[in-house]
Structures are given as C-alpha cells and as structure tokens.
C-alpha cells in the first residue's frame with residue numbers, strides 16, 4: 006500500500022522562495038492578513054487530513070466501490086466519516102469569501118489542499134471537488150433567493166453539488182444538449198432529460214445534493230447559445246420553511262463500472278419534470294458555467310500533480326528497499342538497492358522533475374486566478390486574467406499527462422509487483438487516467454489554448470505570457486540563455502501558425518497538441534531556471550538546507566539536458582503541420 | 006465491446022510484398038513446401054479462431070477472473086472450450102518440428118497467430134503462450150527419456166507448461182533464486198521452494214501441467230552460474246506406465262489480484278520436495294532457458310502489436326460513428342463524425358503508424374529467428390542469429406510501449422465512455438501494461454541491447470544491423486536519404502558511447518533507454534522507407550488496391566515528418582549521458 010508525506014518543503018519553496026507570495030498577498034486587500042505562517046499552518050493541517058484521514062480509506066474504497074440500491078448510492082466504508090471530518094475542520098469554506106461564510110483565503114491554499122486530497126484520495130475528493138465551482142457559479146449568477154437558500158450550505162459543506170452537463174450524445178459538444186426546461190407559473194422550471202457521467206450524482210455523504218443542470222428552454226436557439234443553467238436540488242425546500250422537504254423528481258438510474266476512481270459514484274441522472282430554478286440569464290448557461298471553468302480545470306491538473314507526487318514518493322521508498330543485482334559504480338559486490346542503478350535513478354529524476362515543474366506551473370496558475378480576482382491594481386488584474394486563461398488549460402493537460410505517465414513510470418520500478426493490487430501503484434495508474442479526459446479532454450485544452458485563445462486574438466495573450474516569462478527570468482541565471490532562446494522559438498512558431506491559419510483554417514487544429522506540449526516544456530524550463538537561481542543563491546549564502554537546494558539544482562539541470570531537447574522535436578512537428586492529415590473514410 | 010478483424014491485408018503486405026518471404030522459404034529446406042497460399046490459409050484460420058472463438062470470451066473472462074479453491078484454479082467460463090478448440094485445430098504444433106509431431110511451419114506464422122491471439126484474448130493466450138518456449142527447451146536440452154514422456158504432449162497441447170523463475174526476492178536478478186534441488190537415488194531431484202508470478206501455475210484447461218523450474222543444487226555456486234533447470238510435472242507418471250499418476254508435491258498457494266489479464270491465473274507456487282528431473286547440465290539452467298528467450302520476448306512484443314491493432318480498429322470505428330461538433334474543413338455545418346476532426350485524424354494516424362511499423366519490425370525479427378535456425382547458408386544463419394538477438398529485445402520493448410500508448414491514445418477518442426468497462430478499451434489498457442514488465446522489463450531489454458550486446462562486442466553486432474538496414478534500403482526510395490542520415494547518426498552515437506564507456510562504465514547504462522528508443526525510431530523509419538517504395542511502385546504499376554497503397558504512403562510520410570524528428574531529441578539525451586545522475590540517498 007502507498008504511503009504519503011505532505012511535500013511541504015517543496016510547497017514552501019514555491020510559495021515563499023520562488024513566487025514570494027506572502028509579500029504579494031500583503032499587497033492585496035482581500036488577503037492582507039494571510040502571511041507565510043498562516044499558509045504553512047493551513048498546508049500542514051491539510052497534509053495531515055490527507056495522509057491520516059483519507060489515505061487509510063483510499064485503497065479499500067477502490068476495492069469496495071460504490072453500490073446503487075433503489076436509486077440510492079452507498080459510498081465505500083470510511084467515506085462518510087472522512088467527509089464529516091472534512092466539514093468539521095471547515096475545509097469546504099477555505100477559499101469562499103467571508104460574506105458567504107467562507108474563510109476568504111487565497112485559491113493558492115485551496116490548490117495545495119486539493120493537490121494533497123487528490124494524492125491521498127482522488128475518488129473521495131470528487132465529492133467535495135465540485136463544491137468550489139458550484140459556489141463560484143451561484144455566488145456570481147444566483148438570484149438573491151437562491152443564494153440565500155443554498156450558498157451557506159455549500160460553503161459549509163453541509164450539502165454537496167454536481168455539474169450536470171454531459172448527455173449520451175453531448176460530450177465535448179455541449180451544443181447537442183437536449184435536456185428541456187419548461188417554465189412554471191411559480192417561477193420555477195420543470196427539467197426533463199438524462200445526464201451521464203455525473204460525479205456524485207447520488208451518495209450518502211450529505212442530506213441534500215445541489216445539481217447545476219444545463220438545459221434548453223422551449224424557444225432557445227440551437228447549439229451552445231441556447232443553453233440555460235438551472236439549480237435542481239435532490240430534496241426540495243420544505244413547505245413550512247424547513248430546509249429539507251420532499252424528494253425532487255431526480256433519480257440516479259445507474260452507476261458506471263470504471264477503470265478507476267471507483268469510490269466516486271459516476272451516475273446516470275434522470276430528471277422527470279424535476280423542479281429547478283434558473284441561474285443567471287436564459288440562454289447564458291454556458292457563460293455562468295465558465296465562471297468556474299478555470300478553477301475546475303486547475304483542480305483536475307492538481308489531480309495529476311498529486312498522482313505524480315505519490316508515485317514519486319513511493320517509487321523512491323521502494324527503490325531504496327528493493328535489492329536486485331549489482332549496480333555499476335556502486336560500492337561493494339552487490340546486490341544493491343535498485344536506487345543505486347542508473348536506469349532507476351534516471352526514472353526517479355524524471356519523476357521528480359515532472360512533480361516539481363508541475364507544482365511551479367500549478368501554483369503560478371492558482372496565483373494568477375487570485376490576482377485576477379483580488380489584485381488592487383486593475384492592470385495587473387487584467388493581465389493576470391489573461392495569464393490564468395492560458396495557464397489553466399496548460400496546467401490541466403500537461404499535469405494530467407504527467408500524472409498518468411509518472412504512475413506508469415513508477416510502476417515499472419516495482420516490476421511485476423507493481424501490476425498487483427497490493428502495491429497500490431496500479432490504482433494510481435487507473436485513477437490518473439480519467440484526469441486526461443474529463444473537464445475537457447486534453448485535446449480540447451490544446452485547441453482552447455492555441456486556437457480559441459491564441460490564434461483568435463492574433464497571439465496577443467500568448468505574447469503577454471511570453472513577456473511575463475522573459476521579464477521574470479533572472480538575468481544572471483545559469484539557464485536563462487537557453488530559456489530565452491526557447492521562448493524566442495515559441496514566438497516564431499506562433500507567428501508562423503497565425504500566418505498559416507489565414508490560408509489554412511485547419512492548420513492550428515492540426516498542430517495544437519504539439520504546440521501545447523512545446524509550451525509546457527518551455528514553461529517548466531522557465532520555472533526551473535528561476536528555481537535554480539534561487540537555489541544557487543541559497544547555497545552561496547550558506548543556507549542550512551544544502552541537500553534540498555542541491556537536489557533542486559540537479560532537477561533543474563535534468564530538465565534542461567533531457568527535456569528541453571524535446572522542444573525541437575515538437576517545433577519540427579509544428580512545422581510539419583502543413584502536411585494535410587489524411588482522411589480515414591476509405592481504409 | 007471491442008470488435009476485431011484480422012489485419013490480413015497488412016500482414017500479406019509485410020510477408021509477401023515487403024519481405025518476400027515465400028521466395029525465401031522456398032530456399033530453406035525446412036520450409037520449401039510453405040508458399041504464399043499456405044501462409045494465407047494459416048493466417049486466415051488463425052484470424053477466425055481469434056475473432057470468433059477468443060474475442061467472445063475475453064471481456065467476460067476479465068470480469069469473472071480466475072478463482073482458487075482448495076489449491077485448484079478455475080478459469081473463466083469459455084476458456085476451456087476455447088482451449089479445446091485450439092488443440093483440436095492443431096495450433097500448438099504449428100511451429101514445432103515434424104519429428105516431434107509438429108507441423109514444422111515457420112516461426113513467422115506462429116508470430117502472426119500470436120499477434121491475433123493477444124489482440125483478441127491476451128489473458129487466455131497466456132496459457133498456450135508458454136508452450137513453444139517449453140517445447141524449445143525440452144527439445145534442445147531434455148534427456149531422451151524426458152523428451153519421450155513430455156514432448157509429444159506439449160506439441161499436441163494436451164498438457165500445458167509453465168516457467169518457474171521468479172521468487173519474491175529474485176525478480177530481474179535471477180542470481181538470487183533460492184529454490185533448492187536435492188538429488189535422489191532414483192535420478193530424480195526433490196525440489197523445494199516458492200515461486201511467484203507463475204502464469205498458468207494451475208488451471209483447469211489440461212490434466213497435467215509441466216513446470217520448468219530454476220533451482221539450486223546443494224553444491225552450486227552463488228549467482229546465476231549456480232542455477233539448474235528441472236522439469237516438475239503437476240502429476241507424476243503412473244507406476245503402471247500410465248501417463249498420469251499421483252499428484253506431485255506442487256501446490257498453488259494463491260493467485261494475484263492484478264491490474265489486467267485477469268483471466269490468466271498468476272500463481273504463487275509452492276514446491277515441497279516435489280519430484281523433478283534435471284533438464285540440461287547442472288548449473289547451466291539459464292543457458293537452457295536462453296534457448297527460448299528470443300521466441301518468448303518476441304511473443305511479448307506481439308502482445309503490444311495486438312493491443313495496438315485492436316485499439317486502432319476500434320478507435321477508427323468509434324470515430325466514424327461518434328458525432329460531435331463542427332469539423333473545420335469538413336463539408337456542411339456539422340456536427341460531424343469525429344473522424345473528420347484534425348485532432349482525431351492525427352491520433353488515428355499515429356496509431357496506424359505504430360501498428361504498421363511494429364508489424365514490420367516483429368515479422369522481420371521472427372524471420373531472423375527462422376533464418377538463424379533454418380537457413381541453408383551458414384553465414385546467413387550466423388548473421389541472422391545476431392540480428393535476432395538484437396531485434397527481439399528491441400521488438401519486445403518498443404512494441405509493448407506502443408501497445409500501451411496506443412490503448413491510452415485510443416481511449417482518449419472515446420472520452421469518458423472509454424473510461425467505462427463497456428467500451429472495452431479500458432481493458433486493453435490494463436492488459437497492455439504487463440507486457441512492458443514481464444519477460445524482462447523494458448529497461449532490462451534496453452540494457453541487454455546496448456550494454457550486453459552492443460558495447461560488450463565493441464558494436465560489431467549493431468554495426469551488422471546498421472549494414473543490413475542500409476543494404477536493404479532501395480536506393481531510389483523517397484525517404485532513403487533521411488533514413489541513411491539517421492543510420493549514420495546512430496553509428497556515431499554508438500561509437501561515442503563505446504569510447505565513453507572505457508572511462509565511465511556507467512555511461513551506457515544511463516543512456517540505454519534513449520538509445521533503444523532512438524533505434525526503434527530508425528528501424529521503423531527504415532521499414533517505412535522500404536514500404537513506401539513498394540507502395541509507390543504498386544501505384545505506378547496501376548495496382549487495383551490504390552487505397553491501401555495510398556494509405557501506406559501517407560503513414561510512411563507521417564513517420565518521417567512527425568516521428569523522425571524525435572530521433573534528434575533522443576540523440577541529444579544520449580549526448581547528455583555524460584551528466585552524472587544524482588543519487589537519491591539523502592532527499
């Protein structure tokens with residue numbers, strides 16, 4: 006079974022030493038009371054919750070799975086108690102504003118929390134994982150009456166929420182949503198239709214579940230411009246002012262038998278003229294949902310980071326313990342612990358680089374969301390809004406690719422033992438795979454990043470990102486020249502794509518995945534160049550933590566030597582994008 | 006659920022048009038009666054068996070798994086009937102020599118058979134999959150008495166076999182094997198110890214199981230030079246000359262709960278002074294096993310090819326059927342089948358390239374094994390023995406990486422539907438993962454290829470492979486110049502590694518995985534350059550099969566444009582191999 010220790014040292018490095026966030030929070034009215042000490046406290050408590058409360062029920066929850074009886078879902082043993090502890094500790098309210106009963110802390114801290122929840126209990130974390138998105142959605146777009154009735158319960162975690170978007174025929178293409186909403190005289194709507202892949206559509210963790218449902222009004226235009234958002238509770242308000250009245254006409258018809266996250270109930274939900282209330286404007290449902298899009302995508306990216314971290318920790322522990330064969334260059338005749346073998350050290354270093362690079366990206370993206378919302382300076386807020394819009398699809402896709410790849414690479418160190426349930430790592434592999442798919446497949450993220458946000462604004466947003474990367478690169482940093490060259494190459498490639506797209510509209514779609522991979526490599530390289538400069542300075546100053554800073558410099562050097570060369574391959578594939586991809590009608 | 010159609014068109018292309026094997030078989034005394042017509046017949050029948058008999062019990066077998074009761078393993082429903090049909094059709098005997106009761110057909114045809122068995126029933130194919138290795142082992146090293154008693158039963162498939170190598174503490178490092186063998190007065194040995202990860206250690210498919218067990222004689226030296234091989238049957242011969250007598254002291258203690266291949270019983274086997282007979286010389290057990298090593302590794306590579314093929318076929322079918330969103334450059338307003346979308350076509354093309362490139366490599370490796378054994382020309386046989394020794398670890402590692410990656414890439418096209426059991430593709434992903442691990446992890450293959458077989462003989466063997474690649478490249482082929490440059494770069498890189506290793510013994514171990522990836526890219530590129538030339542000629546000659554040849558040329562072009570650039574990244578990582586990988590003692 007896997008173990009987990011909160012990676013607080015690296016978290017502190019990114020938060021305090023690399024991004025200097027406590028100083029930035031001090032300049033933001035919403036966070037002026039948040040200092041390094043408070044952040045450390047929150048992260049420490051979150052790590053304890055994850056490793057001491059969640060991890061112990063994670064593997065058993067996977068074996069046990071969820072069960073559906075008479076329309077009611079039972080979660081695995083231990084899930085209810087863990088959720089009660091989560092609510093008692095006030096975690097749901099962490100990043101909700103104080104005026105809604107929240108603690109008003111930065112998204113950054115919620116980010117660290119969810120990284121650790123995902124590492125120790127991805128399946129379980131699916132239930133509260135939607136809370137924040139539902140909160141944002143209601144907070145911004147709900148009517149006063151809806152906010153009054155539902156917001157406090159969501160902030161406290163007393164009730165949980167779902168996002169009911171997907172239908173059998175409408176996955177990536179929400180324009181095909183067919184669920185109908187018909188107005189009633191009392192101002193409510195009757196919602197009818199069937200939704201699939203609804204995480205936490207039913208469960209036994211809370212008394213009520215607040216479904217946010219995309220549906221179509223009778224006179225709505227076709228496509229995504231005809232979607233409206235409705236709040237449909239599992240239980241209606243009581244007639245006598247009680248919070249919980251009769252059951253609404255929402256039923257969980259079945260749950261999926263999935264590759265992973267088996268403790269998370271993935272439901273088919275049937276709405277039979279269920280009572281719902283409009284959230285936001287008619288036909289503007291997607292806009293209301295976009296309010297939560299950046300935060301949700303980042304959360305999925307954090308799952309990848311969590312998977313990569315727990316894979317690294319356990320691969321390292323196993324490699325130190327498992328003894329096989331003589332290692333060249335190791336002392337004595339052997340057999341040696343496999344951590345002495347070059348092939349194993351290479352794998353471990355590659356795991357560490359993806360974890361630490363991913364953390365720098367994810368935390369920078371989270372901070373961009375915080376600045377976009379709370380910066381005292383309007384120009385900064387506007388710039389960070391652009392950065393957040395670019396960094397979140399990037400983080401979602403790149404971190405989830407890494408999460409899955411790290412689980413797979415780590416498994417390899419166990420050999421046959423890794424393929425067996427007892428090792429724990431095969432579960433990480435299964436869980437990690439979904440993050441590449443949901444909340445928009447990684448291919449959709451690539452198109453969002455390059456086509457919708459890159460080419461559509463003639464590259465201005467991405468140019469701003471490149472400016473930011475260049476501006477934050479320490480001039481004297483060892484790796485600055487290589488990173489500057491890489492950024493220059495990315496600018497050129499983008500320009501070529503934008504020019505090419507003028508005569509070949511499909512071009513950016515063909516090269517989007519390569520473009521996104523390339524950007525990921527460069528953004529990580531930028532992070533490592535900055536981290537290396539910080540570590541070099543700390544070492545020069547005779548810091549007491551020489552082992553940490555030394556390892557950080559080695560990881561940075563690894564990225565430059567072994568991953569940056571990958572950039573050229575990606576750029577050459579982008580150049581080859583003029584190649585008209587064959588059609589598959591006739592094979 | 007997945008469907009499967011035998012990829013006979015591409016198989017015929019590789020066998021007849023690319024490698025011209027019928028002509029080569031005609032020149033080999035052992036195969037002079039094998040012509041194209043017979044090969045087509047065998048492949049056709051094999052494809053029908055795989056798709057009509059195996060595939061229908063594959064997904065249900067995964068859900069049902071194996072069960073252990075009182076030391077007896079029950080396989081999933083349908084497995085027994087499928088095995089009986091397999092034996093009745095004579096498949097076990099396909100590539101066994103006629104003097105042992107076999108059909109004496111080329112390994113190449115066994116290769117095509119096992120590619121399709123793995124695609125349609127990887128778990129089931131584990132049971133007969135070990136037959137051929139056991140046959141080779143006994144055929145070459147067994148005493149006349151053992152051959153007399155066991156060989157015929159294995160050739161017919163009436164009895165099945167296992168390979169008992171791994172122990173809890175001895176995985177990649179067989180030198181740590183602790184199972185003991187003590188001689189008895191009657192010439193047999195008493196075998197005692199515990200073996201893990203024994204595929205088909207017990208099952209209900211045959212009345213008897215022939216275990217080939219690595220164990221250590223009392224006076225044996227430590228390490229791999231002290232291992233002897235023993236034949237230990239589940240049931241002993243009857244005292245009265247009956248084939249089946251008393252149960253031997255071999256017990257299945259438990260079966261593993263695994264990520265995939267759940268229909269295959271992976272057993273912990275306990276030997277309690279079980280009766281066994283020495284196979285080959287004392288302390289030369291590993292040498293006896295090496296007899297089967299190339300064939301076994303190639304079989305595992307074929308699993309990767311089978312997984313990639315079934316992933317491609319089903320991804321393509323799903324992409325044609327699933328309608329989502331408007332595709333740029335497609336006709337009409339949409340929504341279109343996702344096969345029209347550029348991102349999907351890119352994935353499909355990448356799948357096809359790995360399948361077709363993998364088939365060229367696997368079949369060439371199988372033919373090398375055939376030539377090494379049966380060429381009428383001693384020089385050819387010697388050269389092909391070297392090529393087989395290099396191509397099999399390459400095929401094992403590269404094809405299994407591709408099998409897993411293709412299953413994962415294909416799953417992405419299903420979106421959330423792919424994550425659910427009903428799609429079938431999540432099972433392919435789970436099954437495919439083990440092939441990267443067993444029969445020597447892919448990291449071990451890389452070390453075998455570069456260190457044991459490359460650096461150790463100062464690059465002579467690999468030089469011979471490069472010569473072969475250059476000599477078989479059609480001079481006028483469109484892609485010949487690019488491939489020739491790539492081969493040149495590989496020669497230089499090898500030279501640099503050999504020179505570097507003189508002063509830095511760990512260097513080749515550090516760069517082995519990159520070297521193997523690089524070689525895979527180049528060998529596939531060579532295959533595609535040749536295939537493109539054949540296709541171009543067929544098109545110029547006005548062949549009737551223009552769609553097939555046109556697609557082949559597109560696939561070849563894809564490999565050159567999108568995969569060959571990856572070679573430079575790998576070569577730069579190899580250059581960076583001088584980087585001393587950090588040690589992980591102190592993190």
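Protein chains in written order, with this note's numbering: chain R, 6 to 592; chain E, 6 to 592. We put the beta carbon where it would ideally sit given N, CA and C, even for glycine.
- Per the Cβ contact rule, the region 139-154 of chain E is in contact with the region 282-292 of chain E (3 or more Cβ pairs under 8 Å).
- Under the DSSP definition of a beta bridge, residue 74 of chain E partners with E:77.
- For residue 452 of chain E, the enclosing alpha helix (DSSP H) starts and ends at 447-452.
- Rounded to whole angstroms, residue 461 of chain E and residue 554 of chain R show a C-alpha spacing of 38 Å.
- A buried status is given to residue 300 of chain E, since no fewer than 16 other beta-carbon atoms sit within 10 Å of its beta-carbon.
- Counting along the chain, residue 586 of chain R sits inside no alpha helix (DSSP H), nor does DSSP assign it H or E at all.
- Only those residues of the region 413-444 of chain R whose C-beta falls short of 8 Å from the nearest C-beta of chain E are listed: 413, 416, 417, 420, 421, 422, 423, 424, 425, 426, 427, 431, 434, 435, 438, 439, 441, 442, 443.
- In the DSSP assignment, residue 200 of chain E falls within the beta strand (DSSP E) that extends over 194-204.
- Approximately 31 Å separates the beta-carbon atoms of residue 415 of chain R and residue 392 of chain R; this is outside 8 Å, ruling out the contact.
- Counting only Cβ-Cβ distances below 7 Å, residue 577 of chain R has contacts in chain E at 570, in chain order.
- The alpha carbon of residue 253 of chain R has as its nearest neighbour, out of R:244, R:280, R:233, R:274, the alpha carbon of R:280.
- Contact annotation for residue 510 of chain E against chain R: 333, 334 [CB-CB distance below 8 Å, chain order].
- Here residue 21 of chain E has 27, 41 as same chain residues with Cβ atoms under 7 Å from its own Cβ, once five neighbours each way along the sequence are excluded.
- Assigned with DSSP and collapsed to three states, residue 549 of chain E falls in coil, not helix or strand.
- Residue 325 of chain E and residue 50 of chain E have their C-alpha atoms spaced approximately 28 Å apart.
- If you draw a straight line from the Cα of residue 570 of chain E to the Cα of residue 581 of chain E, it comes to about 18 Å.
- Within the same chain, 398, 445 come within 8 Å of residue 453 of chain R by CB-CB distance, once the 5 residues on both sides are set aside.
- Under the Cβ distance rule, residue 81 of chain E does not count among the residues neighbouring chain R, no pair being separated by less than 8 Å.
- If you look at residue 507 of chain E, you'll find it isn't in any beta strand (DSSP E); it sits in the alpha helix (DSSP H) that goes 485-508.
- Under the Cβ distance rule, residue 397 of chain R does not count among the residues neighbouring chain E, no pair being separated by less than 8 Å.
- Residue 226 of chain R counts as exposed, since fewer than 16 other beta carbons sit within 10 angstroms of its beta carbon.
- With a cutoff of 8 Å on beta-carbon distance, residue 579 of chain E and residue 498 of chain E are scored as near each other.
- Put simply, the CB of residue 573 of chain E is near chain R, with a gap under 8 Å to one of its CB atoms.
- Look at the beta carbons and you see the region 434-448 of chain R touching the region 256-265 of chain R: at least three pairs across the two are nearer than 8 Å.
- Comparing alpha-carbon positions, the option among R:117, R:59, R:197 lying closest to residue 219 of chain R turns out to be R:197.
- The beta carbon of residue 37 of chain R is closer than 8 Å to those of 30, 31 in its chain, skipping five residues each way along the sequence.
- Judged by their CB atoms, residue 589 of chain E and residue 321 of chain R are nearer to each other than the 8 Å cut-off.
- Straight-line spacing of the CA atoms in residue 288 of chain E and residue 276 of chain E works out to 19 Å.
- With a 10 Å radius around the Cβ and a threshold of 16 neighbouring Cβ atoms, residue 473 of chain R comes out buried.
- Contact note: residue 158 of chain R does not reach chain E at a C-beta cutoff of 8 Å; the least C-beta distance is about 28 Å.
- For residue 164 of chain E, the three-state secondary structure derived from DSSP is coil.
- Distance from the Cα of residue 521 of chain E is smallest, within the candidate group E:184, E:318, E:77, E:576, for E:576.
- Note: residue 172 of chain E is bridge-paired with E:175 in the DSSP secondary-structure output.
- A residue is called buried once 16 or more other Cβ atoms fall within 10 Å of its Cβ, and residue 113 of chain E is buried on that count.
- Using a Cβ distance threshold of 8 Å, residue 210 of chain R and residue 85 of chain R count as a contacting pair.
- Within the region 236-264 of chain R, complete beta strand (DSSP E) segments of at least 3 residues are found at 255-260, given in chain order.
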